[in-house]
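Trainee: I have a structure here, written as structure tokens, and I will follow up with some questions on it.
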Amino acid sequence: MWRGVVSFGMVSIPVRLYLATESHGVSFRQLCPDHLSPIKYRRWCAAAEHEVSLADTLRGYEVGKDQYVIVDDSDLDNLPLPAAKAIEIQEFVPADQIDGALYYKSAYYLEPEDAGRKPYFLLKEALQRTSRKAIAKLALRDREHLCVLQPGDGVMLLNTLNWPDEIRTTVGLKGLEAEPIKIEEKELSMATLLIEQLAGSFDPGRYHDNYREALQDVVDAKLRGEQAVEALPASDSPKVMDLMEALKASVEAARVRRLQQDSESGEERPASERRAS
3 MWRGVVSFGM VSIPVRLYLA TESHGVSFRQ LCPDHLSPIK YRRWCAAAEH
53 EVSLADTLRG YEVGKDQYVI VDDSDLDNLP LPAAKAIEIQ EFVPADQIDG
103 ALYYKSAYYL EPEDAGRKPY FLLKEALQRT SRKAIAKLAL RDREHLCVLQ
153 PGDGVMLLNT LNWPDEIRTT VGLKGLEAEP IKIEEKELSM ATLLIEQLAG
203 SFDPGRYHDN YREALQDVVD AKLRGEQAVE ALPASDSPKV MDLMEALKAS
253 VEAARVRRLQ QDSESGEERP ASERRAS
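Using the numbering used here, you'd call the opening residue of the sequence shown number 3 and step up by one each time.
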């Protein structure tokens, strides 16, 4: 989806950029209720009341009411930005300094061109040895992105980042501005024990999109002319209990579940985890 160079000091690494993820979300078509035919949308010019094909549309930047500056592809291609043709590395920062929960956006694979394989893998190994990530800029999809380059499993990864002014402040969140909460040591110890009971290593393969699978079951049933599956009955509202009582019950439930999982898998847990139980 993009082709250029990674600028690394005086070194230029020719690369190609590919999306690293794809969406498998459920999508629906909007249908006419009378004919069950797909509803189509038209690009409609309200001034002259006629349809405009996608190929004939222009890109306009609004500067005032009903006033636009036309920007075409050549304007974007000739932007006076180094980032339009290159991923310019600005600096190298410690790997743990970027708050992934707030800053990370889309993920991409960086593939080296044949002529850039050696400097590509040199940069990858150097980042691994120094435990650092590269901060860079990239012009992509009509805007400039802040991004981070980091070594992955056999490949260099690029993630676009939110700009600082795109991250909202927490000022005004009432639950944070109320009086400080006093946490009892026994409550903290029990909560910590609960976390330890549910601790494990992240294995993405253990997780599945249950919603998509359930919806596919509904669609398959309708294709066979069967009655769609019924929703599970709603569980009774949990009884209100003391926080400490809820923590103890949660720890016991987690302990039982962990024992069942260990029994089913036949795996022996480390002694430290068995003591935590």
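Where a beta carbon is used, it is the ideal one built from N, C-alpha and C, also for glycine.
(1) With the cut-off set at 7 Å, would you say Q199 and R257 are in Cβ contact?
(2) Among S55, L140, Y63, which one has its Cα closest to the Cα of R18?
(3) If you draw a straight line from the C-alpha of A103 to the C-alpha of L160, how long is it?
(4) For a minimum of 3 consecutive residues, which ranges assigned as the beta strand (DSSP E) are wholly contained in the region 156 to 242?
(5) Pick from D68, I72, P114: whose alpha carbon is nearest that of T59?
(6) Please list the terminal residues of the continuous alpha helix (DSSP H) segment that includes F123.
(7) Put Y43 into one of helix, strand or coil per three-state DSSP.
(8) Quick check on this structure: which residue in E228, A201, K224, A216 has the alpha carbon closest to the alpha carbon of R259?
(9) Can you tell me which of the three DSSP states Q69 falls into?
(10) Roughly how many angstroms lie between the CA atoms of V253 and F204, to the nearest whole one?
(11) Should the region 119 to 136 be regarded as contacting the region 61 to 78, the criterion being three or more beta carbon pairs within less than 8 Å?
(12) Which class does A138 belong to by DSSP, given the choice of helix, strand or coil?
Mentor: So, from the data block:
(1) The residue you call residue 199 lines up with position 197 of the sequence shown. The residue you call residue 257 lines up with position 255 of the sequence shown. Yes, the Cβ-Cβ distance between Q199 and R257 is below 7 Å.
(2) Along the sequence shown, one-based indexing puts residue 18 at 16. Each of S55, L140, Y63 was checked against the Cα of R18, and the nearest Cα belongs to L140.
(3) Mapped onto the sequence shown, residue 103 falls at position 101. Mapped onto the sequence shown, residue 160 falls at position 158. A103 and L160 have their C-alpha atoms roughly 16 Å apart.
(4) Counting only runs of 3 or more, we get 158 to 163.
(5) Position 57 of the sequence shown holds residue 59. With distances taken between CA atoms, T59 lies nearest to I72 out of D68, I72, P114.
(6) Taking the first residue of the sequence shown as position 1, residue 123 is located at position 121. Taken as a continuous stretch (DSSP letters only), the alpha helix (DSSP H) holding F123 covers 119 to 132.
(7) The sequence position of residue 43 within the sequence shown is 41, counting from 1. DSSP, reduced to helix, strand and coil, places Y43 outside both helices and strands of the structure shown, so it counts as coil.
(8) Your numbering for residue 259 matches position 257 in the sequence shown. Checking every option, the nearest Cα to that of R259 belongs to A201.
(9) Start at 1 with the first residue of the sequence shown, and residue 69 comes out as number 67. Reduced to three states, the DSSP call for Q69 is strand.
(10) Your numbering for residue 253 matches position 251 in the sequence shown. Your numbering for residue 204 matches position 202 in the sequence shown. If I take the Cα positions, the gap works out to 21 Å.
(11) Taking 8 Å as the limit for Cβ pairs, the verdict is that the region 61 to 78 does not touch the region 119 to 136.
(12) Residue 138 sits at position 136 when you count from the first residue of the sequence shown. A138 falls in the strand class under three-state DSSP.
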